[in-house]
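Colleague: Got a structure here, written out as structure tokens. Questions coming.
Protein chains: 2
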Amino acid sequence: MTVELPDVAEVRAAAARLAGVAVRTPLLNFPWLDERLGGRVFLKAEIFQRTGSFKFRGAWNRLVQLPAEARARGVVAFSSGNHAQGVAEAARLLGLPATIVMPTDAPAIKQAATRALGAEVVLYQRGRESREAIAARLAAERGATLVPAFDDPQVIAGQGTAGLEIAEDLAALGLAPDLAVICAGGGGLTAGCALALCDAFPEVAVYTAEPEACDDHRRSFISGRRERNAEEGGSICDALLSPMPGELTFAITARRCRAGFAVSDDEVRATLRLAFERLKLVLEPGGAVALAALLHRVGSLEGRVAVATLSGGNVDPELFAACLSAPAAGAG
Amino acid sequence: MTVELPDVAEVRAAAARLAGVAVRTPLLNFPWLDERLGGRVFLKAEIFQRTGSFKFRGAWNRLVQLPAEARARGVVAFSSGNHAQGVAEAARLLGLPATIVMPTDAPAIKQAATRALGAEVVLYQRGRESREAIAARLAAERGATLVPAFDDPQVIAGQGTAGLEIAEDLAALGLAPDLAVICAGGGGLTAGCALALCDAFPEVAVYTAEPEACDDHRRSFISGRRERNAEEGGSICDALLSPMPGELTFAITARRCRAGFAVSDDEVRATLRLAFERLKLVLEPGGAVALAALLHRVGSLEGRVAVATLSGGNVDPELFAACLSAPAAGAG
């Protein structure tokens, strides 16, 4: 691939494009969580971003740079739901048509929300049809621009603006993070945030967090090459079911991340419940894996400053209600 | 009563006492909500305060000023749950014993949380026993200090620090609010916030929000004297079931509030669901009435800047799950 990797200057340029459009989400601190983990824990609440996840950042940064003739022909994206909504919202605000290819098993709330934003939704069978092929065909038919979910320099730079805000907010508190744990599907958020965080804090240890069934980043960091997941699916974390790290994202994260954490679906459910009870936050499974890793995998944070991303909150009510009635399972 | 009413200087003094102890909660803005209501809406997220409601502010401001000999003998409070937890948490941090008188029908999550903070919980039958008498007896027996839930100058001043933070955050954005809607039980939060907001923004219209079954503030503002609710109870808003406005609080709010809004329990349920779906926030019924009033009672906010308090998030999981499966009922 000859595409140039984005750097922190691209992330700063993206932040200028997003100013006044994206939500500058708060970096939350909970005394209860600090006491429990023994350190200082800051949670980047991207659940409050437009459409309920960080994905709007990358989508806006990509779409707003399209030339006028490309805008008129619209955009196509494939996504299990959060990238879909991010692209649909950016397209709505810019007044251009969007077509989203979604798996039939995407949460109903995400399908409905994407349609409500004015996008056309085209469904496919996960594992039986190629979403890449469907999206590429639609884009060719319509002359539309395909907007990748993560493996794109401008998408990565857009997601990185979340990391830039984390760095600014911590610096304003006079703090430098010892570690940052970022939810990883294709690795766009991790790559972008790593660019911003490693620039601001050269000593920070950046980790990915993934579901155990899709721990491609964790294994790829160990082997040094992009490892593929055994199967698509296998976890309740619908937002994180990408088959393997992206080529561009991995070129960035492999050099900047220390390692990857993998958490079980039970740990994710317990984290959803804990976030409900103690933090008063609604997380979706994929948006909870970084906090789940802090709670269950990282060990003592005594004397340390940690950051975790809460990357999305678009959870079906039925699944959420089931998590509330489930036993606390070690997270209590 | 010869007690002197607090003024905004008392609120500022309380803010200095709370600095570094209470959470400086964010003032959240959601583009989706702005689009829906046609104005700019800011939500003060006191659900992120220690113990999940604003009550810690007043409790800390009261307890931290107790002289050493009074601290050793401990404190007594009566509360359906949020004041209980606020007092218990302040007592825990200050290392003094707390006894809380709670009704047997207080949400289990609030009883358990109060005990988990180290307080002794004494239960009473709502409507059949006098919590005031039980608490007064306990305080006399133990030489402990009774900490009122709202009708106390230092408690009012402490709650007012939430209003001070709202004023600071809006001023930093270069905005002045046209209206502010504050959840009211006994009126402590409303009184304190009105002191701060009316000082910073003399033109702001401050309103209370209450459940229809306990709309004592709304009726009291109309009649000009403290009106009593027909019965204790009658709403799912367990945090707002005070029998009537406080004497001190009403002396402050009667001069500073324009009127009161009352919302139905169905509107509250719909607001809990909307906050879950769109804002990714967990609200308890009593903590949702101000937002419910904005959504259902205030009318168009076209061109206006509005503030509402999200005063608490301590909701039983069963009730919350039931709200998620309920029909959207006009809020959709």
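Just so you know, the sequences run in chain order L and W. Heads up: the first sequence begins at 53 in the working numbering, then just goes up one per residue. Heads up: the second sequence begins at 53 in the working numbering, then just goes up one per residue. The C-beta atom is built at its ideal place from N, Cα and C for all residues, glycine as well. Since we're looking at a predicted model, the values are computed, not measured.
#1: If you reduce the DSSP assignment to three classes, tell me which class LYS332 of chain L lands in.
#2: Could you tell me the distance, in whole angstroms, from the CA atom of ARG114 of chain W to the CA atom of VAL199 of chain W?
#3: Check whether the Cβ atoms of THR323 of chain W and GLY239 of chain W lie closer than 7 Å to each other.
#4: Among the candidates W:GLY170, W:ASN281 and W:PHE106, whose CA atom is the shortest distance from the CA of CYS245 of chain W?
#5: Taking all protein chains shown into account, decide if ARG102 of chain L is buried (16 or more other Cβ within 10 angstroms of its Cβ) or exposed.
#6: Chain W beta carbons: is any one of them nearer than 7 Å to that of GLY382 of chain L?
#7: At a Cβ threshold of 7 Å, is ILE99 of chain L touching chain C?
#8: Buried or exposed, going by whether 16 or more other CB atoms sit within 10 Å of the CB of PRO229 of chain W?
#9: For ARG308 of chain L, I'd like the list of residues in its chain whose CB is within less than 7 Å of its CB, leaving aside the five on either flank, ordered along the chain.
#10: Note down the Cα distance separating CYS375 of chain L from VAL334 of chain W, rounded to an integer number of angstroms.
#11: Please name the residue, chosen from W:ILE288, W:ALA209, W:VAL139 and W:GLU299, that lies closest to ALA67 of chain W on a Cα-to-Cα basis.
#12: Using the beta-carbon of each residue, which ones in chain W are nearer than 7 Å to GLY104 of chain L?
#13: How long is the line joining the alpha carbons of LEU3 of chain W and ALA97 of chain W, rounded to whole angstroms?
#14: Check distances from the C-beta atoms of the region 137-170 of chain L to those of chain W and list, in chain order, the residues that come in under 8 Å.
#15: Over what stretch of residues does the beta strand (DSSP E) that includes GLU262 of chain L continue unbroken?
#16: Whole angstroms is fine: what's the gap from PRO78 of chain L's alpha carbon to GLY179 of chain W's?
#17: Assign VAL93 of chain L to one of three DSSP states: helix, strand, or coil.
#18: Expressed to the nearest angstrom, what Euclidean distance is found between the alpha-carbon atoms of GLY384 of chain W and PHE202 of chain W?
#19: DSSP state of PRO149 of chain L, grouped into three classes?
#20: When DSSP labels each residue in this structure, what does CYS250 of chain W get in the three-state scheme?
#21: Below 8 Å on C-beta distance, what does VAL75 of chain W contact in chain L?
#22: For GLY365 of chain W, which residues in chain L fall below 8 Å Cβ to Cβ?
#23: Could one say the Cβ of PRO78 of chain W lies closer than 7 Å to chain L's Cβ atoms, at least one of them?
#24: Identify whether THR197 of chain L lies in helix, strand or coil by the three-state DSSP scheme.
#25: Identify the contact partners of PHE94 of chain W in chain L, using a Cβ-Cβ distance below 7 Å as the criterion.
#26: Since LYS332 of chain W and GLY365 of chain L should fall inside the 8 Å C-beta cutoff, what is the C-beta to C-beta distance between them, to a whole number of angstroms?
#27: Which chain L residues are close to LEU376 of chain W, counting only those with a beta carbon under 7 Å from its beta carbon?
#28: Report the neighbours of PHE328 of chain L on chain W: residues whose CB is nearer than 8 Å to its CB, in chain order.
#29: List in chain order: all unbroken beta strand (DSSP E) runs of 3+ residues lying wholly within the region 297-329 of chain L.
#30: For the candidate residues L:VAL207, L:ALA219, L:GLU284 and L:ILE234, whose alpha-carbon lies nearest to that of GLU181 of chain L?
#31: When you compare each of W:VAL153, W:LEU222, W:PRO205 and W:ALA340 to VAL55 of chain W by their alpha carbons, which one comes out closest?
#32: If you run the structure through DSSP and keep just helix, strand and coil, what is SER182 of chain L?
#33: Inspect the beta-carbon positions of ILE99 of chain W and VAL153 of chain W and report whether they are closer than 7 Å.
#34: Give the DSSP bridge partners of ALA120 of chain L, in chain order.
#35: Return the Cβ separation of GLN163 of chain L and VAL173 of chain L in integer angstroms, given the expectation that the two are a contact with Cβ distance under 8 Å.
Modeller: Walking through what the data contain:
#1: For the purposes of this step, residue 332 of chain L is taken as the residue at position 280 of the first sequence. Shown here, LYS332 of chain L sits in coil according to DSSP, grouped into three states, outside any helix or strand.
#2: On the second sequence, residue 114 of chain W is found 62 positions in, with the first residue counted as 1. On the second sequence, residue 199 of chain W is found 147 positions in, with the first residue counted as 1. Taking the straight line from one Cα to the other gives about 8 Å.
#3: Along the second sequence, one-based indexing puts residue 323 of chain W at 271. Along the second sequence, one-based indexing puts residue 239 of chain W at 187. Contact: no.
#4: By one-based count along the second sequence, residue 245 of chain W stands at place 193. It is W:PHE106.
#5: Within the first sequence, the letter at position 50 stands for residue 102 of chain L. If you draw a 10 Å sphere on the C-beta of ARG102 of chain L, you find 16 or more other C-beta atoms in it, and that means buried.
#6: Along the first sequence, one-based indexing puts residue 382 of chain L at 330. No answer about GLY382 of chain L holds up, because its pLDDT of 43 lies below 50 and its placement is not dependable.
#7: In the structure shown, chain C does not exist; the protein chains are L and W.
#8: The residue you call residue 229 of chain W lines up with position 177 of the second sequence. Classification for PRO229 of chain W: buried.
#9: Position 256 of the first sequence, counted from the first residue, corresponds to residue 308 of chain L. Apart from sequence neighbours up to five positions away, the residues of its chain that approach ARG308 of chain L with a beta-carbon distance below 7 Å are ALA246, CYS250 and VAL258, ordered along the chain.
#10: Taking the first sequence and counting its residues from 1, the one referred to as residue 375 of chain L is at position 323. Taking the second sequence and counting its residues from 1, the one referred to as residue 334 of chain W is at position 282. Cα to Cα, CYS375 of chain L sits roughly 14 Å from VAL334 of chain W.
#11: Within the second sequence, residue 67 of chain W is the residue found at index 15, counting from 1. If we check each option's Cα against that of ALA67 of chain W, W:ALA209 comes out closest.
#12: In the first sequence, counting from the first residue as 1, residue 104 of chain L sits at position 52. Chain W residues near GLY104 of chain L: LYS332.
#13: The structure shown does not extend to residue 3 of chain W, since chain W is modelled only from 53 to 384, so the question has no answer here.
#14: Cβ contacts with chain W: ILE161.
#15: On the first sequence, position 210 is the one that residue 262 of chain L refers to. Per DSSP, GLU262 of chain L is one residue of the beta strand (DSSP E) stretching across 257-263.
#16: Taking the first residue of the first sequence as position 1, residue 78 of chain L is located at position 26. Taking the first residue of the second sequence as position 1, residue 179 of chain W is located at position 127. Those two C-alpha atoms are separated by around 42 Å.
#17: Taking the first residue of the first sequence as position 1, residue 93 of chain L is located at position 41. In the structure shown, VAL93 of chain L sits in a strand (DSSP, three-state: E or B).
#18: Here residue 384 of chain W corresponds to residue number 332 of the second sequence, with the count starting at 1. Here residue 202 of chain W corresponds to residue number 150 of the second sequence, with the count starting at 1. In this predicted model, GLY384 of chain W has a pLDDT of only 34, less than 50, meaning its place in the structure is not dependable; the value taken from the coordinates is given anyway. Computed Cα separation, rounded: 35 Å.
#19: Here the question's residue 149 of chain L lines up with position 97 in the first sequence. Three-state result, PRO149 of chain L: coil.
#20: The count along the second sequence starts at 1 and reaches residue 250 of chain W at position 198. Three-state result, CYS250 of chain W: helix.
#21: The residue labelled residue 75 of chain W in the question sits at position 23 within the second sequence. Going along chain L in sequence order, the residues near VAL75 of chain W (Cβ under 8 Å) are ASN81, PHE82 and PRO83.
#22: Sequence index remark: in the second sequence, residue 365 of chain W carries index 313 (1-based). Listed along chain L, the residues sitting closer than 8 Å to GLY365 of chain W by beta-carbon distance are LYS332.
#23: Taking the second sequence and counting its residues from 1, the one referred to as residue 78 of chain W is at position 26. For PRO78 of chain W, a Cβ of chain L is located within less than 7 Å of the residue's own Cβ.
#24: Here residue 197 of chain L refers to the residue found at position 145 when the first sequence is read from its first residue. Three-state DSSP puts THR197 of chain L in a strand.
#25: Your numbering for residue 94 of chain W matches position 42 in the second sequence. What PHE94 of chain W touches in chain L: nothing, since even the nearest Cβ is about 12 Å away.
#26: Along the second sequence, read from residue 1 onward, the residue named residue 332 of chain W stands at position 280. Along the first sequence, read from residue 1 onward, the residue named residue 365 of chain L stands at position 313. Yes, LYS332 of chain W and GLY365 of chain L are in contact; Cβ-Cβ is about 4 Å, under 8 Å.
#27: Along the second sequence, one-based indexing puts residue 376 of chain W at 324. Think of a sphere of 7 Å around the beta carbon of LEU376 of chain W: the chain L residues whose beta carbon falls inside it are PRO369, PHE372 and ALA373, in chain order.
#28: Here residue 328 of chain L is taken as the residue at index 276 of the first sequence, counted from 1. Within 8 Å Cβ-Cβ: VAL334, PRO369 and PHE372.
#29: The region 297-329 of chain L contains these whole beta strand (DSSP E) runs: 309-315.
#30: Numbered from 1 along the first sequence, position 129 holds the residue referred to as residue 181 of chain L. The alpha carbon of GLU181 of chain L has as its nearest neighbour, out of L:VAL207, L:ALA219, L:GLU284 and L:ILE234, the alpha carbon of L:GLU284.
#31: The residue given as residue 55 of chain W occupies position 3 in the second sequence. The shortest Cα separation from VAL55 of chain W among W:VAL153, W:LEU222, W:PRO205 and W:ALA340 belongs to W:PRO205.
#32: To locate residue 182 of chain L, count along the first sequence from 1; it is residue 130. In the structure shown, SER182 of chain L adopts coil according to DSSP, grouped into three states.
#33: Position 47 of the second sequence holds residue 99 of chain W. Position 101 of the second sequence holds residue 153 of chain W. For ILE99 of chain W and VAL153 of chain W, no; Cβs fall outside 7 Å.
#34: Position 68 of the first sequence, counted from the first residue, corresponds to residue 120 of chain L. According to DSSP, ALA120 of chain L bridges with nothing at all.
#35: Counted from its first residue, the first sequence places residue 163 of chain L at position 111. Counted from its first residue, the first sequence places residue 173 of chain L at position 121. The pair is a contact, with the Cβ atoms about 6 Å apart (cut-off 8 Å).
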